[in-house]
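Peer 1: Heads up: the sequence lines are chains L and P, in that order. Counting in this note's numbering, the first sequence runs from 32 upward without gaps. Counting in this note's numbering, the second sequence runs from 323 upward without gaps. Here you go, one structure.
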Amino acid sequence: MATAPTSTTTANGNPSAADWQDRYHHVDQVLDRPGPRTDPSFLAGDEVKAFLRTSCKILVIGAGGLGCEILANLALSGFKDIHVIDMDTIDISNLNRQFLFRQKDVGKPKAIVAAEFIMNRVPGVTVTPYYGKIQDKDDDYYMQFNLIICGLDSVEARRWINATLVNLVDPENPESLKPLIDGGTEGFKGQARVILPTVTSCYECSLDMLNKPTAFPICTIANTPRLPEHCIEWASVLEWPRVHGDKRLDTDDPEHIGWLYKIALARAKEFKIEGVTWSLTQGVVKNIIPAIASTNAIIAAFKIATSSAAYLNNYFMLIGTDGVYSYTFEHEKRDDCPVCGGQALDISISKEWTVDRLIEMLVEKQDIQIKKPSLSTATKQIYFQAPPQLEELTRPNLERKVSDLVENGDHITVTAASLPFNLMVRVTYV
Amino acid sequence: MSTAESQDIEQATSAIGAPDSKTRRYDRQLRLWAASGQHALENSRILVLSSSATATAVLKNLVLPGIGHFTILDSAITTPADAGNNFFLSGLESVGKPRAQEAVQLLCELNESVEGEAVVKDISDLLQTEQGRAYVRSFSLVVAHNLRKDVLDGLSLLLWNDLSNPPLIVVRSAGFLAEFFIQFHEQCVAQPHTDETPPSLRITRPFPALLQWARELDFDKLDPTEHGHVPFVIILVRALDDWRKSHNGAPPSTSADKQAFKAAVREMRRKPDEENFDEAEAQAWRVWQEPAIPRDVEALFALSPLSSPGLAATLPSSKLTPETPNAAFHALLRTLDAFARSDRGPGCLPLSAALPDMRTDTESYVKLQTAYKEWAGIEKAHFKELLGEKFPDIAPLMTADQLDTFVKNAHHIRVLRGTRWGEWDTGAGTLATSLTTYACEAATATHLAFCALSTLLNDNPDGSNVTVESLKTEIRKLVGENVELPDEVDAAVGEIARAPTADMPNVAAFLGGLIAQEAIKVITNQYVPVKGYCVVDLVDSWTSIIGQ
């Protein structure tokens with residue numbers, strides 16, 4: 032396991048001091064003896080307990096709906112050295128499920144409040160918070176953990192940590208393989224999965240399983256609105272920049288939402304469209320996903336259980352709307368996964384396609400979804416999004432045909448600033 | 323989320339401007355069950371027997387969304403083991419103090435608007451007195467975790483004996499395994515949110531305004547823009563009308579017919595890129611696949627309301643009175659049947675005003691939406707009239723919202739009839755069959771292992787007599803001595819024997835989530851609760867339903 036020193040060692044963190052007799056009576060029943068289905072490599076007894084309670088170091092990414100649950104579960108399970116990262120502050124709409132926060136905490140950093148709460152409630156546990164972005168941390172930081180559990184709500188952040196952990200794997204060093212447990216919820220539904228970087232399917236392998244976000248065509252928004260959502264999109268996508276210029280729309284600012292609501296309502300009235308409300312306005316512009324404590328509890332608990340019994344292999348889905356339906360299956364690794372596959376992704380395009388058209392395709396393709404791709408071949412720079420000088424230099428290529436720049440069957444390397452990976456694309460022309 | 327639901331949320335807020343703090347706090351859940359669901363939660367009173375890690379995990383997920391009241395009834399004194407596995411106890415400080423009191427205090431911190439009470443008593447004592455039994459019956463829902471078998475048997479019988487008694491959720495867990503069961507007589511779900519049957523758009527039974535529009539539209543006279551924006555509903559109604567005229571009034575039925583109908587729709591287009599015609603072709607299934615009444619809904623028409631043993635003697639079972647359990651729902655259900663058969667009606671369920679988005683211009687869409695709304699209003703008025711005629715005693719007790727919700731969701735409504743706790747376990751043959759039924763083996767084995775465990779713990783609560791052999795002996799008593807026990811029994815029994823009294827924090831949290839979800843469904847009458855036993859195995863990561 033990792034040997035990097037722990038940054039915090041408090042008296043509180045000394046496990047023996049706070050462990051009272053019978054403290055782990057319940058957990059010990061499964062740690063002291065194996066069950067009929069326990070993996071033979073599981074060494075029941077003191078050794079596993081010592082690992083869990085003294086040396087194991089876990090990182091929790093996100094201290095939101097799932098993060099709060101994960102932290103509490105880990106602490107009660109006996110993990111003593113827990114780290115948590117979150118860049119958000121507490122909002123009142125978190126309080127219906129993020130149970131480590133109270134009304135008085137609104138506005139404070141989630142990671143810090145959550146860490147304090149856990150340490151107060153569960154004696155002897157050290158929770159080290161980091162109020163900031165996961166991207167602030169380097170490989171050495173991630174190297175120190177035995178296990179990483181995600182409670183994230185953003186696809187971008189998940190892709191980043193996934194790619195980072197895949198890149199971290201050094202075949203010569205078994206300790207460099209960091210299991211990643213990920214999952215998410217929406218209403219009464221949720222899923223959880225285990226990723227063993229380079230061994231099992233990774234987050235990027237399953238990108239095409241994501242629901243496509245509802246996008247309304249600009250022409251509908253501008254010319255033929257029919258739904259209240261179209262009026263709200265008009266207010267936020269077209270009217271906000273027109274009226275406010277460069278001022279950024281802050282979807283957490285009630286005044287901004289109020290402005291959008293007013294504008295959307297007026298447009299709806301003009302077109303006799305019903306149903307624009309404050310709540311819908313906020314839901315559309317913030318892309319709000321309904322969330323409740325119970326589903327988060329299920330998914331988070333599942334994630335922890337999956338690390339204490341056998342590792343889940345490797346994907347669990349829960350649908351709680353009609354009875355309780357769950358489905359466990361093995362999601363397969365993709366050989367052409369840009370992160371863990373190693374093989375180039377084959378695409379065939381028209382000889383007439385411009386570089387611009389190819390970029391548009393890469394952005395939209397469900398299994399790629401790269402926001403601002405930069406393209407190059409082994410010998411040529413095709414188009415770079417940054418730095419500005421390089422962008423300017425390569426910009427004329429956008430109008431050129433791909434077939435003028437890349438031979439049939441050659442590879443294009445696709446990179447993106449937001450993601451630590453290179454996608455190899457093999458182009459053939461039809 | 324539908325627009326109508328968001329309007330419900332909006333009603334709770336000021337007319338214009340930012341929502342109030344309560345709406346903001348509950349925003350993420352109001353998007354799931356709206357103000358009506360929230361109202362039901364806030365009026366609920368929940369009794370939880372035990373303040374174990376699992377029991378407090380359930381309560382946490384009910385206090386956070388804002389139930390009205392909860393009571394923990396538990397005579398236990400906090401042990402060091404409790405203090406180690408329960409997030410809602412204050413570590414060693416709680417040891418030696420009544421566990422219910424310690425837990426209630428910390429649970430109440432989660433939500434100031436929820437009232438919590440600790441009653442430090444033994445449920446078995448309460449069940450001895452009429453006053454105690456009345457107290458238990460006064461709640462809207464009872465949840466019991468790892469309750470001793472003989473007490474649970476008495477409690478479940480008590481609650482089953484009267485139709486007006488609260489549902490009971492029975493939870494059993496040990497180590498990585500668990501199961502729960504909801505004992506209820508009847509759940510009438512007007513808003514299941516399952517949406518597998520989209521409401522009919524009435525293309526095969528167009529209401530007058532729709533038919534008139536489709537018939538009078540002169541496609542040839544439309545300019546290219548207008549032609550590319552005719553709503554697909556109008557295209558299909560017109561195409562079907564034309565088809566019927568040339569087919570003696572019959573709709574397309576054979577596979578060849580259907581292809582020909584689609585071809586006819588294709589023929590109507592002027593340019594290959596008219597997306598409204600693409601949509602019409604893609605939605606052509608509505609012409610032959612939309613039943614007048616969805617089969618599941620039709621099956622409900624034959625359902626007699628439940629009647630209490632006492633009532634049955636005096637009333638024929640078909641008679642509905644305000645005292646009948648779920649009287650309002652059954653009155654609505656019967657009215658729905660009458661509406662579908664009424665000479666004055668459309669011969670199907672009432673029209674839902676909900677219109678999906680489609681390729682068209684604003685004016686046509688708004689016009690179409692208005693036409694649907696107006697006609698839905700007319701049919702609702704007819705429905706209401708029938709309701710008043712048939713059920714003069716019950717109709718006045720119903721709110722306008724109740725009627726609206728029912729009519730709006732008429733295509734999805736569900737009725738569940740439950741069974742008594744333990745009833746399934748009395749049939750040795752049924753259990754033995756389930757134990758060898760494909761995909762039910764492991765779940766049945768786990769359920770039987772829990773039945774065996776309950777019997778053993780009844781006499782020795784410390785679990786000292788729980789062994790693989792003693793569990794298997796009990797299982798044989800349930801399924802019959804001659805039944806060969808499959809390997810799944812060993813897998814379940816071994817796991818139970820490993821940790822017979824372990825209330826693991828993760829498993830507790832998992833169950834806390836599942837059971838709170840079910841409690842919310844039962845209380846709000848939204849979404850569909852589990853019928854049967856929900857078995858959970860966190861060794862091999864699965865859940866399964868048996869004994870439905």
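Each residue gets a CB set at the ideal place from its N, CA and C atoms; glycine is no exception. Bear in mind that the values here come from a model prediction, so they are computed numbers and not experimental data.
At a CB-CB cut-off below 7 Å, which residues of chain P make contact with Leu107 of chain L?
Peer 2: Sequence index remark: in the first sequence, residue 107 of chain L carries index 76 (1-based). Asn407, Phe409 and Pro827, listed in chain order.
Peer 1: Kindly indicate which residue of P:Trp535, P:Ile368 and P:Ala512 has the alpha-carbon position closest to the one of Ala732 of chain P.
Peer 2: On the second sequence, position 410 is the one that residue 732 of chain P refers to. It is P:Ala512 whose Cα lies nearest to the Cα of Ala732 of chain P.
Peer 1: Which residues in the same chain as Ser267 of chain L place their Cβ atom closer than 7 Å to its Cβ, once the five residues preceding and following it in sequence are excluded?
Peer 2: Along the first sequence, read from residue 1 onward, the residue named residue 267 of chain L stands at position 236. Leu280, Leu291 and Val316, listed in sequence order.
Peer 1: Output the boundary residues of the alpha helix (DSSP H) element that contains Ser863 of chain P.
Peer 2: Locating residue 863 of chain P in the second sequence gives position 541, counting from the first residue. Element bounds for Ser863 of chain P: n/a, residue is neither H nor E.
Peer 1: Using a threshold of 8 Å, state whether the C-beta atoms of Ala841 of chain P and Val426 of chain P are closer than that.
Peer 2: Translated into the one-based positions of the second sequence, residue 841 of chain P becomes position 519. Translated into the one-based positions of the second sequence, residue 426 of chain P becomes position 104. Result no, Cβ atoms of Ala841 of chain P and Val426 of chain P do not sit closer than 8 Å.
Peer 1: Tell me the start and end of each unbroken beta strand (DSSP E) in the segment 247 to 289 of chain L that is at least 3 residues and wholly inside, in chain order.
Peer 2: The qualifying runs do not exist here; there are none.
Peer 1: Please state whether DSSP places Lys300 of chain L in a helix, a strand or coil.
Peer 2: Residue numbering aside, residue 300 of chain L sits at position 269 when the first sequence is read from its first letter. Residue state, collapsed to three classes: helix.
Peer 1: Can you give me the Cβ contacts of Val144 of chain L inside the same chain, cut-off strictly under 7 Å, excluding the 5 residues immediately before and after it?
Peer 2: The sequence position of residue 144 of chain L within the first sequence is 113, counting from 1. Taken in chain order, the residues that qualify are Ile121, Leu131, Phe132 and Asp136.
Peer 1: In terms of residue numbering, what span does the alpha helix (DSSP H) encompassing Val316 of chain L cover?
Peer 2: The sequence position of residue 316 of chain L within the first sequence is 285, counting from 1. Looking at the DSSP string, the run of the alpha helix (DSSP H) that includes Val316 of chain L is Trp309 to Lys317.
Peer 1: For a cutoff of 8 Å on Cβ pairs, would you count Tyr760 of chain P as touching chain L?
Peer 2: Sequence index remark: in the second sequence, residue 760 of chain P carries index 438 (1-based). Chain L contact via Cβ: absent.
Peer 1: When we look at the beta-carbon of Ala634 of chain P and count the other beta-carbons within 10 Å, is it buried (16 or more) or exposed?
Peer 2: For this step, residue 634 of chain P is matched to residue 312 along the second sequence. Bear in mind that a pLDDT of 47 at Ala634 of chain P, under 50, signals an unreliable position, so the model cannot answer this.
Peer 1: When we look at the beta-carbon of Arg257 of chain L and count the other beta-carbons within 10 Å, is it buried (16 or more) or exposed?
Peer 2: Within the first sequence, the letter at position 226 stands for residue 257 of chain L. So Arg257 of chain L ends up on the buried side.
Peer 1: Consult DSSP for Ser407 of chain L and reduce its assignment to one of helix, strand or coil.
Peer 2: Within the first sequence, residue 407 of chain L is the residue found at index 376, counting from 1. Three-state DSSP puts Ser407 of chain L in a strand.
Peer 1: Can Asn468 of chain P be considered in contact with the ligand GTP, in the sense that its beta carbon sits closer than 7 Å to one or more heavy atoms?
Peer 2: No copy of the ligand GTP occurs in the structure displayed, which carries no ligand at all.
Peer 1: Going by the beta-carbon positions, is the gap between Ala819 of chain P and Val790 of chain P smaller than 8 Å?
Peer 2: Walking along the second sequence from the start, residue 819 of chain P turns up at place 497. Walking along the second sequence from the start, residue 790 of chain P turns up at place 468. Yes, the pair counts as a contact, with Cβ atoms nearer than the cut-off.
Peer 1: Between the Cα of Ser405 of chain L and the Cα atoms of L:Val370, L:Gln397, L:Lys382 and L:Phe452, which residue gives the shortest distance?
Peer 2: Translated into the one-based positions of the first sequence, residue 405 of chain L becomes position 374. Closest by alpha carbon: L:Phe452.
Peer 1: Determine whether the Cβ of Arg224 of chain L lies closer than 8 Å to any Cβ atom of chain P.
Peer 2: To locate residue 224 of chain L, count along the first sequence from 1; it is residue 193. Cβ-Cβ to chain P under 8 Å: no for Arg224 of chain L.
Peer 1: Where does Met348 of chain L sit, in a helix, a strand or coil, going by DSSP?
Peer 2: Here residue 348 of chain L refers to the residue found at position 317 when the first sequence is read from its first residue. It is a strand residue.
Peer 1: I want to see whether chain P comes within less than 8 Å of Tyr234 of chain L, judged by CB atoms only; does it?
Peer 2: Here residue 234 of chain L refers to the residue found at position 203 when the first sequence is read from its first residue. Cβ-Cβ to chain P under 8 Å: no for Tyr234 of chain L.
Peer 1: Tell me which residues share the same chain as Ile845 of chain P and place their Cβ nearer than 7 Å to its Cβ, disregarding the 5 neighbours each side in the sequence.
Peer 2: Numbered from its first residue, the second sequence carries residue 845 of chain P at position 523. Taken in chain order, the residues that qualify are Ala362, Leu363, Ser366, Ser462 and Leu463.
Peer 1: Determine the contact status of Val156 of chain L and Ile226 of chain L, defining contact as a CB-CB distance below 8 Å.
Peer 2: As a working note, residue 156 of chain L is residue 125 in the first sequence. As a working note, residue 226 of chain L is residue 195 in the first sequence. Result no, Cβ atoms of Val156 of chain L and Ile226 of chain L do not sit closer than 8 Å.
Peer 1: Can you check which of these residues, L:Ile123, L:Arg298, L:Cys236 and L:Thr352, is closest to Thr684 of chain P by C-alpha distance?
Peer 2: Mapped onto the second sequence, residue 684 of chain P falls at position 362. Nearest of L:Ile123, L:Arg298, L:Cys236 and L:Thr352 to Thr684 of chain P, Cα basis: L:Arg298.
Peer 1: Leu343 of chain L versus chain P: which residues are under 7 Å apart at the beta carbon?
Peer 2: As a first step, residue 343 of chain L is located in the first sequence; it is residue number 312 there, counting from the start. Chain P residues near Leu343 of chain L: Ser863.
Peer 1: Could you please give the first and the last residue of the uninterrupted beta strand (DSSP E) stretch that includes Phe832 of chain P?
Peer 2: As a first step, residue 832 of chain P must be located in the second sequence, where it is residue number 510. Premise fails: Phe832 of chain P lies in the alpha helix (DSSP H), Pro827 to Thr846, not in any beta strand (DSSP E).
Peer 1: Since Ile123 of chain L meets chain P, which of its residues come closer than 9 Å, beta carbon to beta carbon?
Peer 2: As a position in the first sequence, residue 123 of chain L is number 92, starting the count at 1. Ordered by position in chain P, the residues that pass the 9 Å Cβ test against Ile123 of chain L are Ser343, Arg346, Arg347 and Asp349.
Peer 1: DSSP state of Lys209 of chain L, grouped into three classes?
Peer 2: Counting from 1 along the first sequence, the entry for residue 209 of chain L is found at position 178. Coil, per DSSP.
Peer 1: With DSSP run on the structure shown, which of helix, strand or coil describes Cys181 of chain L?
Peer 2: The residue labelled residue 181 of chain L in the question sits at position 150 within the first sequence. Strand.
Peer 1: Give a yes or no on whether the C-beta atoms belonging to Leu369 of chain P and Thr768 of chain P are separated by under 8 Å.
Peer 2: Taking the first residue of the second sequence as position 1, residue 369 of chain P is located at position 47. Taking the first residue of the second sequence as position 1, residue 768 of chain P is located at position 446. Not a contact, by the Cβ cut-off of 8 Å.
Peer 1: Strictly below 7 Å CB to CB, what residues from chain L border Gln453 of chain P?
Peer 2: Along the second sequence, read from residue 1 onward, the residue named residue 453 of chain P stands at position 131. By Cβ distance, chain L contributes nothing, its closest Cβ being about 33 Å from Gln453 of chain P, past 7 Å.
Peer 1: Please report whether the beta-carbon of Thr547 of chain P lies at a distance below 8 Å from any beta-carbon of chain L.
Peer 2: Residue numbering aside, residue 547 of chain P sits at position 225 when the second sequence is read from its first letter. No - not a single Cβ of chain L is within 8 Å of the one on Thr547 of chain P.
Peer 1: Using a C-beta cutoff of 8 Å, does Phe219 of chain L count as contacting chain P?
Peer 2: For the purposes of this step, residue 219 of chain L is taken as residue 188 along the first sequence, with counting starting at 1. Yes, contact with chain P.
Peer 1: Specify, as a first and last residue, the run of the beta strand (DSSP E) that Leu499 of chain P falls within.
Peer 2: As a working mapping, residue 499 of chain P is identified with position 177 in the second sequence. Leu499 to Gln505 is the extent of the beta strand (DSSP E) around Leu499 of chain P.
Peer 1: Consult DSSP for Thr245 of chain L and reduce its assignment to one of helix, strand or coil.
Peer 2: Counting from 1 along the first sequence, the entry for residue 245 of chain L is found at position 214. Thr245 of chain L: coil per DSSP, three-state reduction.
Peer 1: Would you please verify whether the beta carbon of Ile249 of chain L is less than 8 Å from any beta carbon of chain P?
Peer 2: Taking the first sequence and counting its residues from 1, one reaches residue 249 of chain L at position 218. It does not: the Cβ of Ile249 of chain L has no partner Cβ on chain P nearer than 8 Å.
Peer 1: Within 8 Å (strictly less), CB to CB, does Thr526 of chain P reach chain L?
Peer 2: Here the question's residue 526 of chain P lines up with position 204 in the second sequence. It does not; no Cβ of chain L falls within 8 Å.
Peer 1: Since Tyr694 of chain P and Leu677 of chain P should fall inside the 8 Å C-beta cutoff, what is the C-beta to C-beta distance between them, to a whole number of angstroms?
Peer 2: As a working mapping, residue 694 of chain P is identified with position 372 in the second sequence. As a working mapping, residue 677 of chain P is identified with position 355 in the second sequence. That pair is a contact at about 5 Å.
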